[in-house]
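Notes follow the structure.
Protein chains: 2
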Amino acid sequence: MHAALELLRLLPLLVLSYLEALARLLLPPRPKSVQGETVLVTGAGHGLGRATALEFAQRCCRLVLWDVNQHGIEEAAAECKSLGATVHTFVVDCSKREEIYRAAEKDHQIEQTFAVNILAHFWTTKAFLPTMMKNNHGHIVTVSSAAGHMPASFMLSYWLFVISFSSSKFAAVGFHKALTQELSALGKDGIKTTCLCPIFINTGFVKNPKMRLMPILEPDMVAKKLLEGILINQKMIFVPSSLNIFLFMEKILPERALAALNKLQAIQFDKVVGYRNKE
Amino acid sequence: MHAALELLRLLPLLVLSYLEALARLLLPPRPKSVQGETVLVTGAGHGLGRATALEFAQRCCRLVLWDVNQHGIEEAAAECKSLGATVHTFVVDCSKREEIYRAAEKDHQIEQTFAVNILAHFWTTKAFLPTMMKNNHGHIVTVSSAAGHMPASFMLSYWLFVISFSSSKFAAVGFHKALTQELSALGKDGIKTTCLCPIFINTGFVKNPKMRLMPILEPDMVAKKLLEGILINQKMIFVPSSLNIFLFMEKILPERALAALNKLQAIQFDKVVGYRNKE
Numbered sequence: 001m002h003a004a005l006e007l008l009r010l011l012p013l014l015v016l017s018y019l020e021a022l023a024r025l026l027l028p029p030r031p032k033s034v035q036g037e038t039v040l041v042t043g044a045g046h047g048l049g050r051a052t053a054l055e056f057a058q059r060c061c062r063l064v065l066w067d068v069n070q071h072g073i074e075e076a077a078a079e080c081k082s083l084g085a086t087v088h089t090f091v092v093d094c095s096k097r098e099e100i101y102r103a104a105e106k107d108h109q110i111e112q113t114f115a116v117n118i119l120a121h122f123w124t125t126k127a128f129l130p131t132m133m134k135n136n137h138g139h140i141v142t143v144s145s146a147a148g149h150m151p152a153s154f155m156l157s158y159w160l161f162v163i164s165f166s167s168s169k170f171a172a173v174g175f176h177k178a179l180t181q182e183l184s185a186l187g188k189d190g191i192k193t194t195c196l197c198p199i200f201i202n203t204g205f206v207k208n209p210k211m212r213l214m215p216i217l218e219p220d221m222v223a224k225k226l227l228e229g230i231l232i233n234q235k236m237i238f239v240p241s242s243l244n245i246f247l248f249m250e251k252i253l254p255e256r257a258l259a260a261l262n263k264l265q266a267i268q269f270d271k272v273v274g275y276r277n278k279e
Numbered sequence: 280m281h282a283a284l285e286l287l288r289l290l291p292l293l294v295l296s297y298l299e300a301l302a303r304l305l306l307p308p309r310p311k312s313v314q315g316e317t318v319l320v321t322g323a324g325h326g327l328g329r330a331t332a333l334e335f336a337q338r339c340c341r342l343v344l345w346d347v348n349q350h351g352i353e354e355a356a357a358e359c360k361s362l363g364a365t366v367h368t369f370v371v372d373c374s375k376r377e378e379i380y381r382a383a384e385k386d387h388q389i390e391q392t393f394a395v396n397i398l399a400h401f402w403t404t405k406a407f408l409p410t411m412m413k414n415n416h417g418h419i420v421t422v423s424s425a426a427g428h429m430p431a432s433f434m435l436s437y438w439l440f441v442i443s444f445s446s447s448k449f450a451a452v453g454f455h456k457a458l459t460q461e462l463s464a465l466g467k468d469g470i471k472t473t474c475l476c477p478i479f480i481n482t483g484f485v486k487n488p489k490m491r492l493m494p495i496l497e498p499d500m501v502a503k504k505l506l507e508g509i510l511i512n513q514k515m516i517f518v519p520s521s522l523n524i525f526l527f528m529e530k531i532l533p534e535r536a537l538a539a540l541n542k543l544q545a546i547q548f549d550k551v552v553g554y555r556n557k558e
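Structural data, given as structure tokens:
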């Protein structure tokens, strides 16, 4: 009963929230400035991470680049420096918790980090979140995929790869949503969160990806969309934004129609290469 | 262009799919029989796994029970046997891939397994799916949680636990969805999939859970709902089914209203106990 009354008391807030959402739709917020912020980019030696580092470098940030591949981050660092950014690089295998903590300790300024976690590792967030919380300032970016909302049918001989890929991308979306909600519950409104969900990016992870109804994306273009979203504190970024329509269709289409649509979409690639074998 | 034409050709199928969905809503399908099927239940020594094993035992299945806790599965096996079921037990730590394969090899009949994976392990599925595919017969059950669709605010000092818990439950939903889709794409329509998403179950994993708008569930009741769903090949089972409404609200409510609703919901518990410390 008491709970029902409280639900009723939510009504004015509901109206207010809709008005606020409408206002935000009509008057897009002004991008914030990230000048002088320390930005940690994980996986910065390659593909999307590298393109994102370059975007931040253009905005006069202090960059901290992590990657498992030394050659990759050195190249990325040189490009960022040529744009006038201060850059620190560390060779870190983000799948190893100890390496993350060791790298985080090496650089005390990193504690002021603004945007982290381009590759969405639990332990990276855990290493930096407490200081962000103390300062009530920061931004955590989680990179997932369209496959984190709606698994897509790939080439059939790769079904095991598809299943574990989709699970991990769903996990990244869950990570972002739970993190966002916990920060809100804790009243840490100075720490923003963004989740990036693009379709296929041509980063060499799979060979010759092809789709019929959507383009294959280039890392530069996705990094630009990501930065635009980060700067207006957008929580969920779909690239291309028409993905929203597909995801809405997933909610309303019956199973049989969805299966046919997926078949039509016909995502294909020649082979899973993986990042490590790429060199 | 060609793709647009094919989209148009989907229209009759779309109408057909909606009619089919409507028919299924009005005429619920007849439960299938699982009598004589081999059913592997992982995590069978405790809580939901044990309650599920008992439900299958009542339906004259040949049960294979796995759990890391020997005492737990022995107790569960005794209960199942008293209901007249044939029971085989194995002490398996499902977090260890080698142990899964060793247990799977020990029992050749297990290859005919019908329902697996009460705890949604990638490697359990990988061990059994190829034979299921060969026979085009089986049913894979993935246990996730309401938190795999919408992370809930817990007690605030547990934010790290909540984030990793939600990620893993989102991952389980993604696993189920990708598996379902791959099976459909491969034409393996004899292998069914079910994902169970309950709210809090009182299994001792956390101490004294409380929620204001929903009940705390008991394992027996959830296992009954799970069996009902499995027998009519239901793909997604929410317990309680009113969760559907909450999840729909999540899609249409603006952020601020959702945050207020979550606060009202006020999930609480005294402490995370974990299964291993329970004994």
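Chains A and B are the protein sequences, given in the same order. Residue numbers for the first sequence follow my numbering, so the first one is 1 and each next one is one higher. Residue numbers for the second sequence follow my numbering, so the first one is 280 and each next one is one higher. Where a beta carbon is used, it is the ideal one built from N, C-alpha and C, also for glycine.
Should residue i be flagged as near chain B, meaning a C-beta pair shorter than 8 angstroms?
| i | result |
| --- | --- |
| Tyr-101 (chain A) | no |
| Arg-97 (chain A) | no |
| Gln-234 (chain A) | no |
| Phe-348 (chain A) | A question about residue 348 (chain A) goes unanswered here, because the residues of chain A that appear run from 1 up to 279. |
| Pro-151 (chain A) | yes |
| Ala-104 (chain A) | no |
| Ala-259 (chain A) | yes |
| Leu-27 (chain A) | no |
| Ala-178 (chain A) | yes |
| Lys-192 (chain A) | no |
| Lys-126 (chain A) | yes |
| Leu-186 (chain A) | yes |
Near residue i, what residues of its chain come up, given a Cβ to Cβ distance below 8 angstroms and the 5 sequence neighbours on each side ignored?
| i | result |
| --- | --- |
| Ala-4 (chain A) | none |
| Ser-521 (chain B) | Met-493 |
| Gln-35 (chain A) | Arg-59, Cys-60 and Cys-61 |
| Leu-13 (chain A) | none |
What does DSSP give as the partner residues of residue i in its beta bridges?
| i | result |
| --- | --- |
| Ile-237 (chain A) | A:Leu-196 |
| Thr-421 (chain B) | B:Cys-474 |
| Ile-480 (chain B) | B:Leu-496 |
| Arg-97 (chain A) | Arg-97 (chain A) pairs with nothing; no bridge assigned. |
| His-367 (chain B) | B:Val-343 |
| Leu-319 (chain B) | B:Val-343 |
Just to confirm my understanding: we take residue i, look at its own chain, exclude 5 residues before and 5 after, and list those with CB closer than 6 angstroms. What are they?
| i | result |
| --- | --- |
| Leu-183 (chain A) | Ile-191 |
| Asn-512 (chain B) | Lys-471 |
| Thr-368 (chain B) | Leu-344, Ile-352 and Ala-356 |
Verify whether the separation of the beta carbon atoms of residue i and residue j is less than 8 angstroms.
| i | j | result |
| --- | --- | --- |
| Ile-230 (chain A) | Thr-194 (chain A) | yes |
| Ala-178 (chain A) | Ser-447 (chain B) | no |
| Ala-104 (chain A) | Phe-128 (chain A) | yes |
| His-139 (chain A) | Cys-197 (chain A) | no |
| Thr-52 (chain A) | Val-41 (chain A) | yes |
| Phe-454 (chain B) | Thr-410 (chain B) | no |
| Phe-440 (chain B) | Ala-171 (chain A) | no |
| Leu-10 (chain A) | Leu-540 (chain B) | yes |
| Val-92 (chain A) | Gln-70 (chain A) | no |
| Ser-17 (chain A) | Arg-535 (chain B) | yes |
| Pro-533 (chain B) | Glu-20 (chain A) | yes |
| Glu-218 (chain A) | Asn-202 (chain A) | yes |
Does chain A have any CB closer than 8 angstroms to the CB of residue i?
| i | result |
| --- | --- |
| Pro-533 (chain B) | yes |
| Gln-460 (chain B) | yes |
| Asn-523 (chain B) | no |
| Lys-442 (chain B) | With the sequence shown as reference, residue 442 (chain B) is identified as Ile, and Lys is not the correct amino acid for it. Chain A, which has a Cβ nearer than 8 angstroms to the Cβ of Ile-442 (chain B), makes this yes. |
| Leu-621 (chain B) | Because chain B spans 280 through 558 in this model, residue 621 (chain B) falls outside it and cannot be assessed. |
| Phe-449 (chain B) | yes |
| Asn-541 (chain B) | yes |
| Gly-427 (chain B) | yes |
| Ser-424 (chain B) | no |
| Phe-401 (chain B) | yes |
| Ser-446 (chain B) | yes |
| Ser-312 (chain B) | no |
| Ser-520 (chain B) | no |
| Lys-530 (chain B) | yes |
| Ser-361 (chain B) | no |
Of all the options the options, which has the alpha carbon lying nearest to the alpha carbon of residue i?
| i | options | result |
| --- | --- | --- |
| Ser-312 (chain B) | B:Ala-383, B:Pro-291 and B:Ala-336 | B:Ala-336 |
| Val-452 (chain B) | B:Leu-305, B:Thr-331, B:Val-366 and B:Lys-514 | B:Lys-514 |
| Ala-426 (chain B) | A:Met-132, A:Gln-181 and A:Val-162 | A:Gln-181 |
| Glu-316 (chain B) | B:His-416, B:Tyr-297 and B:Ser-296 | B:His-416 |
| Ser-164 (chain A) | B:Thr-403, B:Gly-363, B:Leu-465 and B:Asn-481 | B:Thr-403 |
Within its chain, find whatever has a CB closer than 7 angstroms to the CB of residue i; leave out the 5 residues flanking it on each side and keep chain order.
| i | result |
| --- | --- |
| Asn-556 (chain B) | Because Asn-556 (chain B) carries a pLDDT of 38, less than 50, the predicted location of this residue cannot be relied on, and the following value inherits that uncertainty. Hits under 7 angstroms: none found. |
| Lys-224 (chain A) | Glu-55 |
| Cys-80 (chain A) | Ala-53, Leu-54, Ala-57, Leu-63 and Val-87 |
Say the cut is 7 angstroms; is the CB of residue i nearer than that to a heavy atom of the ligand PLP?
| i | result |
| --- | --- |
| Leu-10 (chain A) | No copy of the ligand PLP occurs in the structure displayed, which carries no ligand at all. |
- request: Could you please tell me which residues of the region 283 to 301 of chain B, in chain order, have their CB closer than 8 angstroms to any CB of chain C?
  value: The displayed structure is made up of protein chains A and B, and chain C is not among them.
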